[in-house]
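Taken in sequence, the protein lines are chains Y and W.
Heads up, the final residue of the first sequence is numbered 81 in the numbering used here, and it's a clean run with no missing numbers.
Heads up, the final residue of the second sequence is numbered 1217 in the numbering used here, and it's a clean run with no missing numbers.
Beta carbons are placed, not taken as given, at the ideal position from N, Cα and C, and that holds for glycine.
Presented below is the structure to which this report refers.
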Amino acid sequence: MIIIAGLILISLTIAVVFLIAFFWSIKSGQYEDVYTPSVRMLFDEPKKEDDESTAS
Amino acid sequence: MHEIAQDSLLKETEAPVLCYHCGQKCEESLYLDEKQFCCYGCKTVYEILNTNNLCQYYQLGDHPGISLRQPNDDSFLYLNEKTIQKKLLSFDSEDFARITFYIPAIHCVSCIWLLENLRKIEPGILRSETHFAKKSVTLDYHPARIKLSHIASLLSSLGYAPHITLSDSAKNEKPDNRSLLIKLTVAGFCFGNVMLFSFPEYLGISQHDALLNRAFSWLNLLLSVPVFFYSSSDYLKAALKSFKQKQINIDVPIAAGLVALFVHSAYAIITHSDPGYLDSFTGLVFFLLIGRWFQEKTYETLAFDRDYKSYFPLAVQRLHNNLWQPAVIHQLQVGDRIQLRNMEVVPADGKLIDDHAFIDYSFVTGESRPVKASLGDLIYAGGRLIGQPVQLVVEKSVSQSHLTSLWNNPAFGKVNESRYKKIIDRAARRFTWIVLALAIITGIYWQLTRPNQMWLVLVSVLMVACPCALALSAPFTFGNMLRVFGKHKLYLKNVDVIERLAAVDTVVLDKTGTLTHGEKPKAEFIGKLNDAEWAAVHSLTGASSHPLSMIIAQWRGKVSTEKISGFKEIPGKGIEGRVNQQLYKIGSAEFVGTLPIKDTGGSHVYVSVNGETLGYFLIPTSLRKNIRRMISALGHKIDALLSGDQENQTTELRSLFSSSTLFFFNQSPHDKLEYIYNLQRNGKTVLMVGDGLNDSGALKQSDVGIAITDKAGVFTPACDGILEGNQLGLLDKFIELAQSSLVILKTAFVISFVYNAVALSFAVSGHLTPLVAAILMPLSSISVVVFSFVAVNFIAKRKLT
């Protein structure tokens, strides 16, 4: 009986954590643009002297 | 760099070659690094990218560039104003600022790549992030190192001209969609868990352990509370609002169903009588919100924005490279110099740079007495110039929505309100009452026969019957039609006009400037004028916006700007004014004070100086192109042709029209109004097509008044639509389309009615669970909206192409 109560509590807690994580993802705008990031990650950075320009 | 450009300038001799930058056909090719370009603009972009090692741009897509054949020479200097920056920047400090530009040209992967590498071209830009779906770029930059105007012109020179609107800045985003998503998540989360805790009950093991059973019920109740108070709050609030206004709205049955289910279940759990229907309740809210979200997505894709897609077809004279040229008002930039003629509307707030002007603000304030403005005064958009022409410097960019809202001012509205709106409103309200009554009867019946099913059936009935489809079909059908019209250069005031346009059975046309004279008319002067007199005539006619004046003013291709005093324009008669102490009169024979000359062909405009007639302009009647088909298609619907001119050259015109069409000449603006009034008294629904100046009274009197415009700023708020001159030939098609949209609307009503009748009969007989009802309800709305959208586009395509 106590085990069941404990399991329910744990499952609810985990679920709530994911719910909150989801709220955060909505609020931080992750669902606003679902196309650009997928393209951006495939761009190759040319290696030469590029570090200087980003550091400035 | 410039020398290389000179060397590589070679004539193209071979078959079509595509521009390396934009992929358009090169007519005269420019070469650089063995690559062809169609214009200097494209080549310059390549040069910029090449010197900054950014040629990866061309590897990411074929010919990704934006053609720069029409170079963008917009000045962005106004962006350096602190007040304007305050509106645009989302963050501003000494060494860091952030701005979001809307860039309509973004279209491919290369665009994203280039825009996100802007910092390699301009080190002052710290970071840039593209939002592909919104076509916007968020730029972080160092205000001390680079000016905002510089960033804007850099973007513009690369072909990515930012679209800057100050009125609705990019800062205020809509949070609605997010809150709906969160509500949806909460409902989904609770629904899932409630189902989990209802398992013992589903499997029938609850009898064994009363304590566990009760604990689960309480957990369910706990989980349903946020669903009721948070997720379903939109429905509850809408219903509460309708009670406060003592008017029933379409959200009431849904809210009633939700409250009934929740309160009953909560009561049952608290009193331990039964486990309630909280699984149904949370699921119901979850599916309702999914439906709503889906609905919003559908509307978003079908949505139409008047401000962007159609335009306010007004033009003004703008000083461009020391030449006065007509410019469409949305091209106006802050700092442009514009000239206004008598009766033209001020398109944007501007500073007066002439000594004084009389401005009629009746569109804005309703007060029709002209206000005197002096040198340097600010003149507000929406005012109308009375008297001699003045020049303004534009101070603020044009706000189309401001002009549209002026137009929709109730002072210029017509008495007959939308018939359909009334019918729909009443039907929706009656429908809601019927549903509530039906739900109560059903509830009583089930309570008597099978009480354990009662609550679910009751809720199904309340859920499934939704007149949303009824309420949505009209705005969607008409709104979409409005957009179709806008695409074909007919700009209507609002959706009610479509309804009236469909009812039109009589058409009255104006002659001069409406049927006749397109963009390039000819004129001839019979008599003698010396150079000074020519200059005076040009200046005077340039001050008027009457179609004949405009022809004379544009003739011989130059515009004189002599000082005019005492300028007066008498509608339907002519204009007068003093130039160099000489009194000039230009207009009809009667106005000038001479005998009309019986002559073949065209309109006559007489000129006199100090009472002495010098001669007359002969302007041959040249019909607009493509109107013959329209005239024969409308046939005897065209009741009359009203003209303010002398009677001449009628045989050619008359042969175009049906024999029942009447011709009237020498009509004053008042005669025209009177004529339309008489037609209306005989029960006709009249469409008047004319110019905005001489016919404004008739346009207001008619059921639908459409003003014709050819690069002119004459605009009367009394008209219901503005049609660009060269689209007049489509007039009959426009009327047909308006009629079709009523047919589409009625069909949508029938679909919605049948749907509701069938669904209700299932719900009343208990064959529909609340969950299915919650899915069906938004589906019906979406199907009706999609139907009307597709139908309008289909019919428009068939008719207009």
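Just reading off the alpha helix (DSSP H) that residue i is part of, what are its end residues?
| i | result |
| --- | --- |
| Val668/W | 668 to 686 |
| Arg785/W | Note, Arg785/W: premise wrong, no alpha helix (DSSP H); not H, not E. |
| Ala951/W | 947 to 958 |
| Phe48/Y | 27 to 52 |
| Arg916/W | 911 to 918 |
| Glu443/W | No alpha helix (DSSP H) contains Glu443/W, which DSSP labels as neither H nor E. |
| Arg845/W | 835 to 865 |
| Ala1005/W | 1005 to 1008 |
With DSSP as the reference, identify every bridge partner of residue i, one or two as the case may be.
| i | result |
| --- | --- |
| Ser544/W | Leu555/W |
| Met1104/W | Val924/W, Gly1121/W |
| Tyr1000/W | Gly993/W, Val1025/W |
| Ser981/W | Arg994/W |
| Tyr1032/W | Ile942/W, Tyr1022/W |
| Asp1126/W | In DSSP, Asp1126/W forms no bridge with anything. |
| Trp740/W | Leu735/W |
| Tyr907/W | Ile1138/W |
| His579/W | Tyr518/W |
| Leu767/W | This sequence places Lys at residue 767/W; Leu is not what is there. Bridge partners of Lys767/W: Leu794/W, Val809/W. |
Along chain Y, which residues have their Cβ under 9 angstroms away from the Cβ of residue i?
| i | result |
| --- | --- |
| Trp709/W | Chain Y residues near Trp709/W: none, gap ~12 angstroms exceeds 9 angstroms. |
| Phe605/W | Ala40, Val41, Phe43, Leu44, Phe47 |
Residues in its own chain within less than 7 angstroms of residue i by CB, not counting five upstream and five downstream?
| i | result |
| --- | --- |
| Ile541/W | Leu534, Arg535, Leu555, Tyr557, Ile562, Ile567 |
| Gly988/W | Gly1060, Ser1084, Pro1085, Asn1110 |
| Ile860/W | none |
| Phe941/W | Gly1031, Phe1033 |
| Pro963/W | Thr928, Gly929, His933, Asp1107 |
In terms of residues, what are the limits of the beta strand (DSSP E) holding residue i?
| i | result |
| --- | --- |
| Ala939/W | Premise fails: Ala939/W is in no beta strand (DSSP E) and is neither H nor E. |
| Phe1079/W | 1078 to 1080 |
| Arg753/W | 753 to 756 |
| Lys451/W | 451 to 453 |
| Arg800/W | 800 to 802 |
| Phe492/W | Phe492/W -> no beta strand (DSSP E), and no H or E assigned at all. |
| Phe1140/W | The sequence as given places Glu at residue 1140/W; Phe does not occur at that position. Taken as a continuous stretch (DSSP letters only), the beta strand (DSSP E) holding Glu1140/W covers 1137 to 1140. |
Determine, using beta carbons only, whether residue i comes closer than 7 angstroms to chain Y.
| i | result |
| --- | --- |
| Leu637/W | no |
| Ile528/W | yes |
| Leu705/W | no |
| Leu597/W | yes |
| Val880/W | no |
| Val851/W | no |
| Thr601/W | yes |
| Gly1060/W | no |
| Arg630/W | no |
Given that residue i touches chain Y, what residues does it touch there, using C-beta distances under 7 angstroms?
| i | result |
| --- | --- |
| Phe548/W | Asp58, Tyr60, Thr61 |
| Val525/W | Val64 |
Would you say residue i lies against chain W (beta-carbon separation less than 7 angstroms)?
| i | result |
| --- | --- |
| Leu44/Y | yes |
| Ile51/Y | yes |
| Gly31/Y | no |
CB-CB under 8 angstroms to residue i, same chain, minus the five flanking residues each way: which ones, in chain order?
| i | result |
| --- | --- |
| Gln997/W | none |
| Leu888/W | Ser1197, Val1200, Val1201 |
| Gln1143/W | His904, Lys905, Leu906 |
Taking C-beta pairs closer than 8 angstroms, name the residues in chain Y that residue i reaches, listed in chain order.
| i | result |
| --- | --- |
| Glu532/W | Arg65, Phe68 |
| Arg594/W | Ile51, Lys52 |
| Asn609/W | Leu37, Ala40 |
Is the closest heavy atom of the ligand FMN to the C-beta of residue i under 6 angstroms?
| i | result |
| --- | --- |
| Ile28/Y | As far as ligands go, the structure on display features none, and thus does not contain the ligand FMN. |
Going along the chain, which residues of its own chain have a beta-carbon closer than 6 angstroms to the beta-carbon of residue i, five neighbours each way excluded?
| i | result |
| --- | --- |
| Glu617/W | Pro691 |
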